Every structure is written in structure tokens, then in C-alpha cells.
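Residue numbers (numbering that gives the first Met the number 0), protein chains in the order written: chain S, 0 to 251; chain Y, 0 to 197.
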Amino acid sequence: MGLHSAQGIVLRRFNLSEKDKLVTFLTDRYGKIKAVAKSARMAKSRFGAALEPLSVVQLIYFGRENQTLYRLNQAEIDHSFQSLREDPCKIYSAAYFIELTDSLIPEGHPEPQVFRLLKETLETLQNNKFNAILVRLFELRLMAVLGYTPQLTHCLACKKEPEPGWVGFSYNRRGILCQPCTSKLQPGTRFQQGILIYLKKMLTLDLKNSNRLKLPKGMEDEIETVTHRLILSHSGRELKSYPFIKALSGNL
Amino acid sequence: MKRPVPVTDLIEELKRLPGIGQKTAERLSFFIMRGPAERAKKLAQAIRDVQEKIVLCSSCHGITDENPCLICKNPERDSTQICVVEEPHDVYVMENLGEYRGVYHVLMGVISPLDGIGPADLTIEALKERVQQDKVKEVILATNPDMEGESTAVYISKFLKSLNVKVTRIARGLPVGAEIEYADSVTLIKSLEGRTEM
């Protein structure tokens, strides 16, 4: 039985019995893990608010390495992101971020880059006015750190730079197709090179500066379609929190 | 040797109940089997009645055997004060205190994006209608102090803003008998924010 210590972000928690909770964490050192928190449902539980989703906590848990369920010993809050819970736009976005992360990350594989991305995105969401572009940035960057960066500089088929005008985009092959190659390989969508410029910018932009990125009107919907369908091509299913994000963009 | 079918059926049905495993289901089944027939009949009748006679109150959405429920039609209750709770059983937790004299409104859940539950799945529109019709003076939001409960409370407070009604939130902080030394930072901050003058 080993004792493990790590920083973790609470992704989900379920009631396990009358007293216990089953909590899913994304940790900085061990990737996604699940742990049982004994008596966490009781009013005087030592875990308190530490097991609420979005909380960044210092964990101590034990169990054999690579086992599927650990036992949580201690959880101390580093950041609670409490203010996110008081703004519907922010909490819906944050819920989407953690659900997306939970659905794409397998258990027990160290994912320090994903941990940093999620933490930094939540901090940006907390410190700035809500901006839907952050959701698009997170989708694209999550795909990139998972090793699915879309090819945006050269055509997937002929490896040449695309000519000015529109380009094709394949969701399954994750990249662009130049105009001549779209006749051979069916693209998932077509868009103007302007979109391509913004997509490239989104792959390198510092998350903290996401509010500075202003998309021309009409381009937001197209970029949303591209990033979200890219996610769908990998996850294979629509997430439960996504309709909430869609409803938000309708009201903004 | 296999058990008789009626005993196996009873064990299987009892196992469906929350917190009941194979061993407990077996113990309960043999207890029912060995006890007087009258007790087993009463148990069966009680289960049937819960299914057949219990309905949701058309006003507060709490569980009741007569519609509207006893709390809603009691003239001694203050109908201008509504306590909003998540689930029907929360009504009885509050009622057991014997301190609250207003009426209730059951949301039938909470807003939970991770479970795909939105405001339209709850009884928030019905709450708005009640606030308008019954000239309600205060709405007390008694949802759980967790992520879903907090965001539901925030949503309702914004939703009712235009109705000129006082919206309050139950206090959050240290439970009675707890020690400050072991409290987490969020709970302590909430208890400081919600401090009262003595």
C-alpha cells in the first residue's frame, strides 16, 4: 500500500453510500484517478468543501499503484474557484471544461500538460469577464496537448501551402485540404483563409490574453463549429453540459 | 440446493433498494418469512399505498396524499414566505425543526450541467407564478451549499429580481460542534461573510 501525494482538480463526485463519496480528480503527477472519501457526506466531514467540482486541492491518498480505486486520506483546498459558482455563464463553461477533460482522459496516465491547461483555463475564466472565445481556445488546446493538433499550415494530401481563397477541412484527418485536393478527398467543411489565421492564432495565444482576441462578427459561429466538431470526432458523443454553452452563446 | 422461487424473488426485489446488498436482502427476506402474516400484509399494503396514494402537491410540488398538501392549505402558515428546497424529503427535514411557519416550494432537483439538468427541467417557472399570485414577500433559498445548489440559488435570485421580492439564502458556515482548526477555507470564508451581530 503506497501513500501518494499530488495536487488535483476535482472533476466529478458521486454519493457512494449513506456516508461516502466517490471523487474523480485530475492530478498533476498521476493523471486521472478515482478515490473513495469516507464519511465525506457527513456535515462534520473533515473534507468540507474540498471535494466540490472545480476545487484545486492538495491530496493525500493511498492504494497500490495503478489500481482503479484509491482511498482518500486528506484534501486541503488550494483554490476553490468559488466566484465561478456565482456567475451562470462561468459555471456552465467551467462545467463543460471539466466534463470534456473527464471524457477525453483515460485513468492512470500522467497528463501534466492537461492539468496545467485546465487549471490555467479556470484561472482565466475566474479573473476575466466571460468570453465565449475561451471555450473555443480550450477545445482546440486540449486537442493539441492530447496529440491531436490539427494541421493548419499545409494540405494534408499534397503537403503544399494552400492558395488564397477558401480551404477544405477534414475533421477525421484533422487538418486542411487545398482546393485541388478537395476534389479527391471529401472535406468536412470549407472556410475562408481568415478563419485559418484565427485558428493558428488560437493554438499559440497565451490563455491569459484570450480576452484580447476579438473575432470578426460571423466568424465566431464558424470557429465554434470547427473546434466543436473536432472534439466530437474524437469523443464520439455530445457532452451533457454542451447545450448549456450553446444556450449561453444564444443569449450573449 | 436452490431457494424456493418466492424467497429468491423477494431477495432480488429487496436488493434493488439503496444500501441493500445480498446478505442484508437475505436477512430481511427470512425475517419477513418467519414473522406473522399480518406484518407482511401491512408491509405490502404500505408499499402499495406509497405508490398509489402519494401525489405531488399542485402548489408546492411536495409529496402528499391529498392535493393541495396540508402545509399549503393550512391558514395558519404564512403563505407570503416561501422556502425553496431541492427535493420533497427536504421539506420534512425543515418541518422537523418546528421553527419555520411559512410554506415550501420543491424544485424537484437542481441545475446540473454535468447531468444535463437545466432550469427548464425544474419547477422554477411555477415558483415565479406563485411569487406573483400569492404576493410573496420573501423567498428563502435552501438548496444544498454545493456547486449545483449554489448555482441554482444564484439563477433563481436573478430570475426573481424583477418581481420586487426579498430573496434570502440560508446561512453557510461551520456546523454546530465543529472545530475551527479542522474547517476548510471555503467554509471559514462563508462563516465570516455570514457572521451575525451579538
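Don't be surprised by glycine CBs; every beta carbon is placed ideally from N, CA and C.
Model, not experiment: these values are computed from the prediction.
- Task: Could you pull out every unbroken beta strand (DSSP E) segment of at least 3 residues lying fully inside the region 208 to 250 of chain S, listed in chain order?
- Result: none
- Query: Quick one: does S:Glu17 have its CB under 9 angstroms from some CB of chain Y?
  - Reply: yes
- Buried or exposed by the 16-neighbour rule on C-beta atoms within 10 Å, applied to S:Thr120: buried
- Hey, out of Y:Leu69, Y:Pro17, Y:Cys82, Y:Leu106, whose CA is closest to Y:Tyr99's CA? Y:Cys82
- Task: Determine the direct distance from the alpha carbon of S:Thr123 to that of S:Phe80, and round the result to whole angstroms.
- Result: 11 angstroms
- Members of the region 69 to 90 of chain S that neighbour chain Y once the beta carbon cut-off is set at 7 angstroms: Ile76, Ser79, Gln81, Arg84, Glu85, Pro87, Ile90
- Query: In whole angstroms, what is the alpha-carbon distance linking S:Leu10 and S:Phe137?
  - Reply: 16 angstroms
- Task: Kindly list the residues whose CB is nearer than 7 angstroms to the CB of Y:Cys71, restricted to its own chain and excluding five residues on each side of it in sequence; keep chain order.
- Result: Cys56, Ser58, Cys59, Val102
- Contacts of Y:Tyr181 in chain S (Cβ-Cβ under 7 angstroms): Arg45
- Item | Distance between Y:Leu113 and S:Ile90 (C-alpha atoms, nearest Å) | 11 angstroms
- Message: Does S:Ile59 pass the burial test, meaning 16 or more other C-beta atoms within 10 Å, or should it be called exposed?
- Response: exposed
- For Y:Tyr154 and chain S, any beta-carbon pair shorter than 9 angstroms? yes
- Bridge partner(s) assigned by DSSP for S:Cys252: This structure does not reach residue 252 of chain S, given that chain S is present from 0 up to 251, and the question cannot be answered.
- Task: Could you work out which residues of chain Y lie near S:Glu98, taking near to mean beta carbons separated by less than 9 angstroms?
- Result: Pro112, Leu113
- Message: Contact defined as beta carbons within less than 8 angstroms: I believe S:Gly7 pairs with S:Phe61. What is the distance between those atoms, to the nearest angstrom?
- Response: Their Cβ separation, rounded to whole angstroms, is 14 angstroms, which puts S:Gly7 and S:Phe61 out of contact at 8 angstroms.
- Is it true that the CB of S:Lys43 sits closer than 9 angstroms to the CB of Y:Pro174? yes
- Task: Taking S:Asn171 and S:Ser232 to be in contact with their CB atoms under 8 angstroms, please state how far apart those CB atoms are, rounded to whole angstroms.
- Result: 6 angstroms
- Message: According to DSSP, is S:Asp77 part of a helix, a strand, or is it coil?
- Response: strand
- Message: Would S:Phe243 pass as an interface residue toward chain Y - the criterion being a Cβ-Cβ separation below 9 angstroms?
- Response: yes
- Closer than 7 angstroms by beta-carbon distance: list the chain Y residues that pair up with S:Ala49, in chain order. Asp183
- Message: At the 9 angstroms Cβ level, is S:Pro163 part of the contact set with chain Y, yes or no?
- Response: no
- Message: Could you tell me the alpha carbon to alpha carbon distance between Y:Pro200 and Y:Asn95, rounded to whole angstroms?
- Response: Outside the displayed span of chain Y (0 to 197) sits residue 200 of chain Y, for which this structure offers no information.
- Query: For the region 84 to 118 of chain Y, which residues have a CB atom closer than 7 angstroms to at least one CB atom of chain S, in sequence order?
  - Reply: Pro112, Leu113, Asp114, Gly115, Gly117
- Task: Please report the residue range of the alpha helix (DSSP H) in which Y:Ile31 lies.
- Result: 21 to 33
- Hey, does Y:Pro35 have any beta-carbon neighbour from chain S nearer than 9 angstroms? no
- Task: Could you tell me the distance, in whole angstroms, from the CA atom of S:Tyr69 to the CA atom of S:Lys216?
- Result: 49 angstroms
- Who does Y:Phe158 pair with in a DSSP beta bridge? According to DSSP, which records beta bridges pairwise, Y:Phe158 is partnered with nothing at all.
- With DSSP run on the structure shown, which of helix, strand or coil describes S:Tyr60? strand
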